[in-house]
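Visitor: Please see the structure below; I have some questions.
2 protein chains.
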Amino acid sequence: MQIELNTVYNEDCVDGMKRIEDKSVDLLLTDVPYGMEFQSNYRNVKHIKIQNDNNLDWLPRWMKEIDRVVKEDAHLYIFCSHHNIEIFKSEIQKYRKVKNILIWEKNNTGMGDLYGDYAPKYEFVLFCSNGKKKLNGGRDSNIIKANRTQNDLHATEKPVDLMEYFIEKSSVEDDIILDPFAGSGATPIGAKNKRRNYIAFEIEETHCNTINKRLKHIQASLF
Amino acid sequence: MQIELNTVYNEDCVDGMKRIEDKSVDLLLTDVPYGMEFQSNYRNVKHIKIQNDNNLDWLPRWMKEIDRVVKEDAHLYIFCSHHNIEIFKSEIQKYRKVKNILIWEKNNTGMGDLYGDYAPKYEFVLFCSNGKKKLNGGRDSNIIKANRTQNDLHATEKPVDLMEYFIEKSSVEDDIILDPFAGSGATPIGAKNKRRNYIAFEIEETHCNTINKRLKHIQASLF
DNA sequence: ACTACGGTTGAATCCTGAA
DNA sequence: GTTCAGGATTCAACCGTAG
Numbered sequence: 027m028q029i030e031l032n033t034v035y036n037e038d039c040v041d042g043m044k045r046i047e048d049k050s051v052d053l054l055l056t057d058v059p060y061g062m063e064f065q066s067n068y069r070n071v072k073h074i075k076i077q078n079d080n081n082l083d084w085l086p087r088w089m090k091e092i093d094r095v096v097k098e099d100a101h102l103y104i105f106c107s108h109h110n111i112e113i114f115k116s117e118i119q120k121y122r123k124v125k126n127i128l129i130w131e132k133n134n135t136g137m138g139d140l141y142g143d144y145a146p147k148y149e150f151v152l153f154c155s156n157g158k159k160k161l162n163g164g165r166d167s168n169i170i171k172a173n174r175t176q177n178d179l180h181a182t183e184k185p186v187d188l189m190e191y192f193i194e195k196s197s198v199e200d201d202i203i204l205d206p207f208a209g210s211g212a213t214p215i216g217a218k219n220k221r222r223n224y225i226a227f228e229i230e231e232t233h234c235n236t237i238n239k240r241l242k243h244i245q246a247s248l249f
Numbered sequence: 027m028q029i030e031l032n033t034v035y036n037e038d039c040v041d042g043m044k045r046i047e048d049k050s051v052d053l054l055l056t057d058v059p060y061g062m063e064f065q066s067n068y069r070n071v072k073h074i075k076i077q078n079d080n081n082l083d084w085l086p087r088w089m090k091e092i093d094r095v096v097k098e099d100a101h102l103y104i105f106c107s108h109h110n111i112e113i114f115k116s117e118i119q120k121y122r123k124v125k126n127i128l129i130w131e132k133n134n135t136g137m138g139d140l141y142g143d144y145a146p147k148y149e150f151v152l153f154c155s156n157g158k159k160k161l162n163g164g165r166d167s168n169i170i171k172a173n174r175t176q177n178d179l180h181a182t183e184k185p186v187d188l189m190e191y192f193i194e195k196s197s198v199e200d201d202i203i204l205d206p207f208a209g210s211g212a213t214p215i216g217a218k219n220k221r222r223n224y225i226a227f228e229i230e231e232t233h234c235n236t237i238n239k240r241l242k243h244i245q246a247s248l249f
């Protein structure tokens with residue numbers, strides 16, 4: 027392994043992943059940029075625009091690298107939206123089997139067209155598995171409720187709860203979890219809480235600093 | 027109009043729809059064959075295998091015809107599953123805007139891989155709109171809960187409640203509603219209950235007879 | 001335990017005005 | 001004409017607190 031475990035790398039993930047050994051990752055859990063040029067206009071808080079979110083050109087190279095580093099029977103969880111789910115699913119299916127599409131049901135609905143559309147209340151999570159690896163715990167449904175957390179840190183912050191849930195369903199202690207788009211850091215933080223190893227990339231320096239602060243805070247409180 | 031309203035035609039819908047006038051349909055509400063060769067093993071009831079369900083060759087011709095007969099600003103609701111949502115969405119998008127993907131959340135979970143997968147609890151409904159037509163009533167979320175109904179009529183029976191909900195959101199009295207894959211008849215029955223007109227096709231004679239019986243029953247009870 | 005009520009919030013979309 | 005950036009806007013769901 028030419029890469030350090032339990033580190034958040036401030037670099038482009040497609041480059042950085044090249045230093046990860048073949049078939050060494052036990053779980054992929056990530057929230058990719060949706061390719062929507064999203065910038066939150068939420069009230070007074072102005073978040074940094076998501077980098078490289080104006081197109082999905084990175085997707086084929088990214089997926090190829092993911093397939094190289096993630097174990098054959100590992101589970102993959104990839105967040106995406108209804109706007110371009112067909113693009114993500116089609117690309118991922120070139121390498122891995124999309125076994126299910128999970129629904130993260132949020133506690134509240136979003137903005138958008140007020141009169142001509144239904145209010146958005148969920149995010150998709152593409153769940154990939156070749157079928158050999160079992161899920162830990164009982165048989166849960168493919169609709170998962172989890173409350174949104176504060177979005178002071180990141181425009182599209184994911185709840186640590188939800189990440190920990192997926193981590194426990196699909197990995198054991200000391201496994202290696204990869205998140206190429208760490209964002210607010212929910213995956214590395216969840217991994218640390220649950221005593222798994224993580225490899226994380228985040229291209230935005232500000233977010234990297236936030237993640238490292240949050241991780242340090244856990245260290246102080248856990249031990 | 028060369029076609030009779032409020033009739034269930036026992037024929038292939040791609041042929042039958044040719045008799046519908048251009049841009050004459052106010053709402054499309056249908057549960058297409060998912061292309062999975064589905065045959066329910068539910069309890070003792072053996073359902074008829076869904077015809078033409080082993081492939082999706084019909085889809086391009088079907089969608090072209092749908093686009094011809096449905097009004098430009100009309101809403102389209104097309105049920106589909108996660109297995110091939112990308113195929114349906116991509117094909118539909120050649121003609122219409124998929125504005126949202128609705129989740130029909132069922133009261134119970136389905137079968138499937140008991141150990142290596144999450145239990146299926148929903149169906150997708152592709153919601154298409156060019157954005158000009160408003161939805162009736164309040165602003166509802168894109169997750170819609172509706173109980174499954176008895177499964178003795180049809181393998182993939184949809185609740186009449188749910189169809190009536192969509193009918194009321196997206197049409198007014200005397201509108202024309204099209205269902206090219208009528209199945210158990212939830213759409214024509216919902217349409218009749220809500221005093222809309224329907225055009226329905228169902229290739230399987232047994233199902234046609236069932237639908238007509240159910241429709242007759244409404245006539246008796248409504249008037 | 002239950003209801004009532006106030007406070008808070010949203011991976012968006014539309015519209016307007018400037019370039 | 002066209003594109004683009006930024007500002008205003010919804011109401012249903014949920015939570016916490018109080019009665």
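Line by line, the protein sequences are chains Z and P. Per this note's numbering, the very first residue in the first sequence carries number 27; after that it's consecutive. Per this note's numbering, the very first residue in the second sequence carries number 27; after that it's consecutive. The beta carbon of each residue, even a glycine, is placed where N, CA and C say it ideally should be.
1. Our contact map puts residue 150/P next to residue 111/P with C-beta atoms below 8 Å; I'd like the distance itself, whole angstroms only.
2. Chain P beta carbons: is any one of them nearer than 8 Å to that of residue 60/Z?
3. May I ask you to list, following chain order, the residues of the region 143-154 of chain Z that have a beta carbon less than 7 Å from some beta carbon of chain P?
4. I'd like to know whether the C-beta of residue 180/P is nearer than 8 Å to at least one C-beta of chain Z.
5. Can you name the start and end residues of the alpha helix (DSSP H) that residue 191/Z belongs to?
6. Going by the beta-carbon positions, is the gap between residue 190/Z and residue 160/Z smaller than 8 Å?
7. Ordered along the chain, which non-local residues of its own chain (more than five positions away) have a Cβ less than 7 Å from that of residue 78/Z?
8. Which same chain residues, not among the five before or five after residue 42/Z, have their C-beta less than 7 Å away from its C-beta?
9. Which residues in the same chain have their Cβ closer than 6 Å to the Cβ of residue 210/P, if we skip the five residues on either side of it in sequence?
10. Under three-state DSSP, which class holds residue 205/P?
11. If you draw a straight line from the alpha carbon of residue 53/Z to that of residue 214/P, how long is it in whole angstroms?
12. Express the C-alpha separation of residue 31/P and residue 102/P in angstroms, rounding to a whole number.
13. Mind checking whether residue 142/Z and residue 155/P have CB atoms under 8 Å apart?
14. Comparing alpha-carbon positions, which option in 116/P, 104/P, 120/P lies nearest residue 130/P?
15. Please list the residues of the region 158-170 of chain P that have a C-beta atom closer than 9 Å to any C-beta atom in chain Z, keeping them in chain order.
16. Quick one: list the residues of chain Z neighbouring residue 126/P, beta-carbon separation under 8 Å, in chain order.
17. Over the uninterrupted beta strand (DSSP E) stretch that includes residue 171/Z, give me the two end residues.
18. List, in chain order, every chain P residue whose beta-carbon is nearer than 9 Å to that of residue 140/Z.
19. Measuring alpha carbon to alpha carbon, tell me which residue in 164/P, 173/P, 218/P is nearest residue 136/P.
20. List, in order along the chain, the chain Z residues whose C-beta lies closer than 9 Å to that of residue 129/P?
21. Distance cutoff 8 Å, beta carbons only. Does residue 115/Z sit that close to anything in chain P?
22. What do you reckon, are the CB atoms on residue 218/P and residue 244/P nearer than 8 Å?
23. Find the nearest neighbour of residue 108/P within the set 98/Z, 114/Z, 127/Z, judged by alpha-carbon distance.
24. Residue range of the alpha helix (DSSP H) that residue 219/P falls in?
25. Check the Cβ-Cβ distances between residue 111/Z and every residue of chain P, and say whether any is below 8 Å.
26. Whose C-alpha, out of 222/P, 208/P, 146/P, is nearest the C-alpha of residue 233/P?
27. Residue 135/P touches chain Z at which residues, Cβ-Cβ below 7 Å?
28. Which residues mark the beginning and the end of the beta strand (DSSP E) in which residue 102/P is found?
29. Please go through the same chain and pick out, in chain order, the residues whose beta-carbon is closer than 6 Å to the beta-carbon of residue 206/Z, but skip the five residues on each side of it.
30. By Cβ distance, which residues of its chain are closer than 6 Å to residue 114/Z, with the 5 residues on each side in sequence left out?
31. Once the 5 residues before and after residue 87/P are set aside, which same chain residues still bring their CB inside 8 Å of it?
Guide: So, to answer that:
1. Between residue 111/P and residue 150/P the Cβ distance is about 6 Å, and since that is below 8 Å, they are a contact.
2. By this cut-off, residue 60/Z is not an interface position.
3. Residues of the region 143-154 of chain Z with a Cβ closer than 7 Å to any Cβ of chain P, in chain order: 143, 144, 145, 146, 147, 148, 153.
4. Using a Cβ-Cβ cut-off of 8 Å, residue 180/P does not count as an interface residue toward chain Z, since no Cβ of chain Z sits closer than that to its own.
5. Here the alpha helix (DSSP H) through residue 191/Z covers 186-196.
6. No, the Cβ-Cβ distance between residue 190/Z and residue 160/Z is not below 8 Å.
7. So the qualifying residues of the chain are 59, 84.
8. For residue 42/Z, where only same-chain residues beyond five positions count, the Cβ hits under 7 Å are 35, 227.
9. Only 179, 180, 183 meet the Cβ criterion.
10. Residue state for residue 205/P is assigned as strand, using DSSP reduced to three classes.
11. About 47 Å.
12. So the two alpha carbons sit approximately 19 Å from each other.
13. Their beta carbons are under 8 Å apart, which means residue 142/Z touches residue 155/P by this criterion.
14. Between residue 130/P and the set 116/P, 104/P, 120/P, the nearest pair of CA atoms involves 104/P.
15. From the region 158-170 of chain P, only 158, 159, 160, 161, 165, 166, 167, 168, 169, 170 have a Cβ closer than 9 Å to chain Z.
16. Those are 108, 143, 144, 146, listed as they occur along chain Z.
17. Run containing residue 171/Z: 169-171, per the beta strand (DSSP E) assignment.
18. Within 9 Å Cβ-Cβ: 165.
19. Nearest of 164/P, 173/P, 218/P to residue 136/P, Cα basis: 173/P.
20. The contacting residues are 129, 131, 147, 148, 169.
21. Taking Cβ atoms only, chain P reaches closer than 8 Å to residue 115/Z, which makes this a yes.
22. Yes, the Cβ-Cβ distance between residue 218/P and residue 244/P is below 8 Å.
23. For residue 108/P, the closest of 98/Z, 114/Z, 127/Z by C-alpha to C-alpha distance is 127/Z.
24. Looking at the DSSP string, the run of the alpha helix (DSSP H) that includes residue 219/P is 212-219.
25. For residue 111/Z, the answer is yes, since a Cβ of chain P falls inside 8 Å of its Cβ.
26. Nearest to residue 233/P by C-alpha distance, out of 222/P, 208/P, 146/P, is 208/P.
27. Residues of chain Z passing the Cβ test: 167.
28. That run of the beta strand (DSSP E) goes 96-106.
29. Here residue 206/Z has 39, 56, 227 as same chain residues with Cβ atoms under 6 Å from its own Cβ, once five neighbours each way along the sequence are excluded.
30. Around residue 114/Z, the same chain offers 106 as residues with beta carbons nearer than 6 Å, after the five sequence neighbours per side are excluded.
31. Exclusion of the five residues before and after residue 87/P leaves 40 as the residues of its chain whose Cβ lies within less than 8 Å of its Cβ.
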